[in-house]
Amino acid sequence: GAVVSQHPSWVICKSGTSVKIECRSLDFQATTMFWYRQFPKQSLMLMATSNEGSKATYEQGVEKDKFLINHASLTLSTLTVTSAHPEDSSFYICSARVMSGTGSYNEQFFGPGTRLTVL
Amino acid sequence: DAKTTQPPSMDCAEGRAANLPCNHSTISGNEYVYWYRQIHSQGPQYIIHGLKNNETNEMASLIITEDRKSSTLILPHATLRDTAVYYCIVTSNQAGTALIFGKGTTLSVSS
Numbered sequence: 076g077a078v079v080s081q082h083p084s085w086v087i088c089k090s091g092t093s094v095k096i097e098c099r100s101l102d103f104q105a106t107t108m109f110w111y112r113q114f115p116k117q118s119l120m121l122m123a124t125s126n127e128g129s130k131a132t133y134e135q136g137v138e139k140d141k142f143l144i145n146h147a148s149l150t151l152s153t154l155t156v157t158s159a160h161p162e163d164s165s166f167y168i169c170s171a172r173v174m175s176g177t178g179s180y181n182e183q184f185f186g187p188g189t190r191l192t193v194l
Numbered sequence: 013d014a015k016t017t018q019p020p021s022m023d024c025a026e027g028r029a030a031n032l033p034c035n036h037s038t039i040s041g042n043e044y045v046y047w048y049r050q051i052h053s054q055g056p057q058y059i060i061h062g063l064k065n066n067e068t069n070e071m072a073s074l075i076i077t078e079d080r081k082s083s084t085l086i087l088p089h090a091t092l093r094d095t096a097v098y099y100c101i102v103t104s105n106q107a108g109t110a111l112i113f114g115k116g117t118t119l120s121v122s123s
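Chains A and B are the protein sequences, given in the same order.
Going by this note's numbering, the first sequence opens with residue 76, and the numbers climb by one from there.
Going by this note's numbering, the second sequence opens with residue 13, and the numbers climb by one from there.
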């Protein structure tokens, strides 16, 4: 299946600093990518939909000025956590849907996730 | 909100079939049933999906009831590596549609 990578796989930062997480589709083009976060023992929560060449669409309750999303190309989306605080510590996961040969979008492929710890 | 209901946990003996149920009584005609699983501290992994017919691949089988209000994921010969959280998700196949995760079922496979 299609491969989605994330970098870094884990990061530790001090409170008040900014952290950038990269999400890449390695063998396909993704006009749309999605960002999720997951707190311990909880399910994945959709944060935003990242659209290539346009502004991201954020879910209710997600601060767009704090979680900056840039989808600069068809294979790269970045999530920047600005002025990170301990409550932002979480597992961040990106994903993308692949268009099938028939033109419909089938399975969504997920990256391996990035573990962010803010001290 | 998630459109599916799953039992919070299930146990299965290694080598036996694991049957994971999912209720999706409000599914609409153009929505598919997808199954993913998440092994601890990893990204979710696609397993299988279907619209109304039963489906089978190298990982699992998906049985969808005729009224499409429920489905069952079958892992025919569970192994210890199948221990994970399994998510049943109902969604359309439109390009900009994200998957919305419910709480899933934690499957524990033991020897």
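Beta carbons: idealized from backbone N, C-alpha and C, even for Gly.
Where L87 of chain B and I101 of chain B are concerned, what is the direct C-alpha to C-alpha distance, given to the nearest angstrom?
17 angstroms
Residue nearest to L194 of chain A in terms of C-alpha spacing, selected from A:P83, A:V78 and A:T92
A:T92
Outcome for S148 of chain A when other beta-carbon atoms lying within 10 angstroms are tallied against a minimum of 16:
exposed
Any idea what DSSP makes of P161 of chain A, helix, strand or coil?
helix
I believe Y98 of chain B touches G116 of chain B by the beta-carbon criterion, under 8 angstroms. Please report the beta-carbon distance rounded to the nearest angstrom.
6 angstroms
Pull out every residue of the segment 57-77 of chain B whose Cβ sits closer than 7 angstroms to any Cβ of chain A, in chain order.
Y58 and H61
Taking 8 angstroms as the line, does the beta carbon of S53 of chain B fall inside it for any heavy atom of the ligand NAP?
Looking for the ligand NAP in the displayed structure turns up nothing, as the structure carries no ligands at all.
Establish whether the CB of L151 of chain A and some CB of chain B are separated by less than 9 angstroms.
no
Leaving aside the five residues before and after Q81 of chain A along the sequence, list all residues of the same chain whose C-beta is less than 7 angstroms from its C-beta, in chain order.
I96, E97, C98, C169, G186, P187, G188 and T189
Supposed contact pair L119 of chain B and H94 of chain B - C-beta distance, whole angstroms, cut 8 angstroms:
Inspection of the sequence shows that residue 94 of chain B is occupied by Asp rather than by His. Right, their Cβ atoms sit about 7 angstroms apart.
Count the other CB atoms within 10 Å of the CB of P20 of chain B; is the residue buried (16 or more) or exposed (fewer)?
exposed
Contact with chain B by T107 of chain A, beta-carbon distance below 9 angstroms:
yes
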